[in-house]
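Following our numbering, the numbering of the sequence shown begins with 124 at its first residue and continues without gaps.
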Amino acid sequence: MSIQVLSYEFLGPIKLSEWGPPMDPVLYLILSKNKETFQIIFVGESDHTDDNGFFTKNENFKCWVSNAGSENNLHLCIYPMWDSTPEQRQRITHKIISKYLPVCNDTNTK
Numbered sequence: 124m125s126i127q128v129l130s131y132e133f134l135g136p137i138k139l140s141e142w143g144p145p146m147d148p149v150l151y152l153i154l155s156k157n158k159e160t161f162q163i164i165f166v167g168e169s170d171h172t173d174d175n176g177f178f179t180k181n182e183n184f185k186c187w188v189s190n191a192g193s194e195n196n197l198h199l200c201i202y203p204m205w206d207s208t209p210e211q212r213q214r215i216t217h218k219i220i221s222k223y224l225p226v227c228n229d230t231n232t233k
């Protein structure tokens, strides 16, 4: 399954609790699910992680749970960007944030 955001095809969504490392360079979307509708609540990027707690330790995790109603309503989509630079990933992240205005990116749009 996949979803298209702007012109990018993201893999997922899957429940955030089902994610497991490793994760190579990617853009990721955190979605809240309300019935059968998904809403983007956070957009981020990562270079690589082997940490099982990568998402639960994120400084925005409380915002995600608060906006989704529960951790069980959090979903993840990824857009693999192998051999990308942080700048390339951040450029696309900012485009998505500008278009969709995810509520939990308010402090991260600098």
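Just so it is clear, CB atoms sit at the ideal spot from N, CA and C, and this is done for glycine as well.
Treat the numbers as computed from the prediction; the structure is a model and nothing was measured.
- Does DSSP put Asn190 in a helix, a strand or coil? helix
- Item | As assigned by DSSP and simplified to three states, the class of Lys158 | coil
- Message: Rounded to the nearest angstrom, what separates Lys218 and Leu199 at their Cα positions?
- Response: Those two C-alpha atoms are separated by around 18 angstroms.
- Message: Quick check on DSSP: helix, strand or coil for Lys180?
- Response: coil
- Query: Cα-Cα, which of Gly143, Pro144, Leu139, Pro148 is closest to Lys156?
  - Reply: Leu139
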